[in-house]
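If you're matching positions, the sequence shown starts at 23 in the working numbering and goes up one per residue. Right, one structure below, let's go through it.
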Amino acid sequence: MNTFTTTSNPVNIVPTTSRRWSPRAVARSAGVFYLVIFTCGLFSELYVRGTLVDPASAAATAANIAGSEGLFRVGFVADTLMVLSDVAVAVLLYVLLRPVSRTLSMLAAAFRLTQAAVLGSILLAQFAALLVLDPAGPGAGLSTDDRDALVGLTMEAHSYGYLMGLVFFAAHLLVLAYLMIRSSWFPSWLGVILGVAGVGYAADSFGFFLLSGYDGTLSPVLLAPAVIAEFSMIAWLLLKGVRLDAWRRDVDGVDSQTGVTA
């Protein structure tokens, strides 16, 4: 497929074929899924695991999970919904930003889909804690100390798996930031803060992997821009969607010049 460049927009516009969707509707759909990600992710990480997991005591963690199994299971379902929504957002953002660069949009989607695959996989490690604690399950023959240690190990594995997923998410945000800055139907400032968030996610995750004994002291500072960026992204997608005037000029204009229906 040919690549076109307009004088009003320096990005390379790739015309779409037989498009019957509204870019604003796609953007707002992405915003709804992004809101699910934000809500479910915060609930699972801050309320469920923040309440039940004691990093200093595997025994306390095991006792907390055993005593609040219902909450733990709800957190698992919330994480699953978050991962499913991540897949949807990856596709919808690809559709919106493909006119800027098909290759980079696909790369951004691939990074986000990889993150979803990693997070989905480590959810099995989290659920394994329940299997270990089940009196009739595979951990029935273990001593209390061994059982508690194994529960602590599964939750620790989940924590580091989450950090690995955020490395791919950071790469997604950096590519996404570039695409948004290059486009004219998203504000440049949104792309900038998403890029800063990506750097923060990467720095925090690599801090845990590279520095022995690192306890996340800098995490609140490194991740603060991410909270602002994610909330701003949700608000923009839901309330504004895309700048339709810019979209019609830069994308629909090329489609009309080439005979492609909008």
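Idealized CB from N, CA, C, for every residue including glycine.
Buried or exposed (CB count within 10 angstroms, at least 16 for buried), residue i
i    : result
G92  : exposed
P77  : exposed
L198 : buried
T239 : exposed
W269 : buried
P121 : buried
T166 : exposed
S258 : Residue identity check: residue 258 is Trp in the sequence provided, not Ser. W258 should be labelled buried.
S16  : Given that the chain is displayed from residue 23 to residue 284, the structure contains no residue 16 and the question cannot be resolved.
W3   : What is shown of the chain runs 23 to 284, which leaves residue 3 out entirely.
S123 : buried
V243 : exposed
D272 : buried
P157 : exposed
D267 : exposed
Nearest to residue i (by Cα), restricted to the options the options
i    : options                   : result
L232 : L261, I215 and Y182       : Y182
V97  : L146, S227, A139 and A132 : Looking at the sequence shown, residue 97 is not Val but Gly. Checking every option, the nearest Cα to that of G97 belongs to L146.
M104 : D156, A138 and S44        : A138
V221 : A112, L195, V117 and G174 : L195
V173 : F253, T136 and A81        : A81
Cβ separation of residue i and residue j, assumed to be a contact under 8 Å, to the nearest whole Å
i    : j    : result
Y236 : F230 : 6 Å
A100 : S66  : 5 Å
P247 : A219 : 5 Å
V154 : R169 : 6 Å
Any non-hydrogen atom of the ligand HEM within 8 Å of residue i CB
i    : result
M202 : What this structure holds is no ligand at all, so the ligand HEM is not there to describe.
- Query: Of all the beta strand (DSSP E) runs that stay within the bounds of the region 215-269, which reach a length of 3 or more residues?
  - Reply: none
- Could you give the uninterrupted runs of the alpha helix (DSSP H) lying entirely in the region 118-186, keeping only those of 4 residues or more? 124-155
- Message: Report the start-end ranges of each alpha helix (DSSP H) in the region 39-67 that is 4 residues or longer and not cut off at the edges.
- Response: 45-64
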